[in-house]
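Below: the structure, in structure tokens.
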Amino acid sequence: MLVRKIAVFSFTILIGLNTQTASGFFGSNNIESVGDYLQVILPAYALGMAVQEEGWEGVRQFGYSFGAMQLTVELMKQTINAERPDGSDNRSFPSGHTAAAFSGATFIHKRYGWQRAVVPYMLAGFAGYSRVHANKHYWHDVVAGAAISSLLTWTLTSRYSNYQVSASPTSVSLGFRTDF
């Protein structure tokens, strides 16, 4: 159990240190700050759910899907060089904050069902809104980040079955009398 806790803590730190947060974790206003937090909280929450499973399959799938999303987003940012609305740099497309938030929400959806993902999806949508509100992204950057993340996560994640099927022999009495 200690090994799991250490693994979760370490992976959560890695999520928090992704390249989108390297420029500063706290935003200049409350909406921006909430978006900054959500890009870390949603994937960490999804990872926490995976850790509670029996075995490491959920953690492995989360790691692959989150890693693939991060790599794809970073490669696109480096290749496309789209200027941000505020002119601060050329890393606007796609939105990494939104991609990270939707990675967590989509993982929860695919692995545990849509009922458990409704609130995470709403929060991920707010994270995307916060990026436009902060003048860091255009709407198409946010939509692309959500789409890329959701597609990769949906593809690399399978449904979790937390029940076990077992069969055992039983005798069945049909209630017929044989002692006339």
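In this note's numbering, each residue's number is its place in the sequence shown (first place is 1) plus 1472.
Every residue gets a Cβ at the ideal spot worked out from N, C-alpha and C, and that includes glycine.
**Report entry** Other residues of its chain near TRP1611: CB distance less than 8 Å, five sequence neighbours each side excluded
**Finding:** One-based indexing of the sequence shown puts residue 1611 at position 139. Annotation for TRP1611: VAL1604 place their beta carbon closer than 8 Å to its own, counting only its chain and skipping 5 residues before and after.
Requested in this report: Starting from the Cα of GLY1507, find the closest Cα among HIS1609, SER1622 and ILE1620 and give me that residue.
Outcome: Against the sequence shown, residue 1507 aligns to sequence position 35. Out of HIS1609, SER1622 and ILE1620, HIS1609 has the C-alpha closest to the C-alpha of GLY1507.
Report task. For ALA1494, I'd like the list of residues in its chain whose CB is within less than 8 Å of its CB, leaving aside the five on either flank, ordered along the chain. Result -> Stepping through the sequence shown from its first residue, residue 1494 is reached at position 22. Residue placement at ALA1494 cannot be trusted, given a pLDDT of 43 that sits under 50; what the coordinates show is reported in the next sentence. Excluding the 5 residues flanking it on each side, ALA1494 has no same chain C-beta neighbour closer than 8 Å.
Requested in this report: Select from PHE1534, GLY1617, ASN1607 and TRP1586 the residue whose C-alpha is nearest the C-alpha of PRO1515.
Outcome: In the sequence shown, residue 1515 corresponds to position 43, counting from 1. Closest option to PRO1515, Cα to Cα, is PHE1534.
Query raised in the report: Do ALA1596 and PHE1565 come within 7 Å of each other at the CB atom, strictly closer than that value?
Result: Taking the first residue of the sequence shown as 1, we reach residue 1565 at position 93. Taking the first residue of the sequence shown as 1, we reach residue 1596 at position 124. The answer is no: Cβ separation not under 7 Å.
**Report entry** C-beta atoms of VAL1545 and ALA1571 nearer than 7 Å
**Finding:** If you number the sequence shown from 1, residue 1545 lands on position 73. If you number the sequence shown from 1, residue 1571 lands on position 99. Yes, the Cβ-Cβ distance between VAL1545 and ALA1571 is below 7 Å.
Report task. Tell me whether the beta-carbon of ARG1583 lies closer than 7 Å to the beta-carbon of TYR1536. Result -> Numbered from its first residue, the sequence shown carries residue 1583 at position 111. Numbered from its first residue, the sequence shown carries residue 1536 at position 64. Result no, Cβ atoms of ARG1583 and TYR1536 do not sit closer than 7 Å.
**Report entry** DSSP state of HIS1609 mapped onto helix, strand, coil
**Finding:** By one-based count along the sequence shown, residue 1609 stands at place 137. Residue state, collapsed to three classes: coil.
Query raised in the report: Under a Cβ-count criterion, where at least 16 other Cβ atoms within 10 Å of its own Cβ denotes burial, should GLY1527 be classed as buried or exposed?
Result: What you label residue 1527 is simply residue 55 of the sequence shown in a count that begins at 1. Flag for GLY1527 reads exposed.
Report task. Over the uninterrupted alpha helix (DSSP H) stretch that includes PHE1534, give me the two end residues. Result -> Locating residue 1534 in the sequence shown gives position 62, where the first residue counts as 1. Boundaries of the alpha helix (DSSP H) around PHE1534: 1529 to 1552.
Report task. Would you kindly work out how many angstroms separate the C-alpha atoms of GLN1511 and ASN1634, rounded to a whole number? Result -> In the sequence shown, the residue the question calls residue 1511 occupies position 39. In the sequence shown, the residue the question calls residue 1634 occupies position 162. The straight-line gap from Cα to Cα measures roughly 27 Å.
**Report entry** Minimum C-alpha distance to GLY1617 - residue among GLY1576, ASN1501 and GLU1529
**Finding:** Sequence index remark: in the sequence shown, residue 1617 carries index 145 (1-based). It is GLY1576.
Query raised in the report: If you run the structure through DSSP and keep just helix, strand and coil, what is THR1578?
Result: As a first step, residue 1578 is located in the sequence shown; it is residue number 106 there, counting from the start. Helix.
Report task. Pick out whichever of GLY1530, ASN1607 and THR1578 has its Cα sitting closest to the Cα of SER1560. Result -> Working through the sequence shown from its first residue, we reach residue 1560 at position 88. In terms of Cα proximity to SER1560, the closest of GLY1530, ASN1607 and THR1578 is ASN1607.
Query raised in the report: What number of angstroms, rounded off, separates the C-alpha of PHE1498 from the C-alpha of ALA1589?
Result: As a position in the sequence shown, residue 1498 is number 26, starting the count at 1. As a position in the sequence shown, residue 1589 is number 117, starting the count at 1. Note that PHE1498 has pLDDT 45, beneath the 50 cutoff, so the model's placement of it is unreliable and no number is given.
Query raised in the report: So, is the C-beta of ALA1571 closer than 7 Å to a C-beta in chain B?
Result: Reference to chain B is not applicable here, since this structure consists of a single protein chain.
**Report entry** Secondary structure of PRO1592, DSSP reduced to three states
**Finding:** Here residue 1592 is taken as the residue at index 120 of the sequence shown, counted from 1. DSSP places PRO1592 within a helical segment (H, G or I) once states are collapsed to three.
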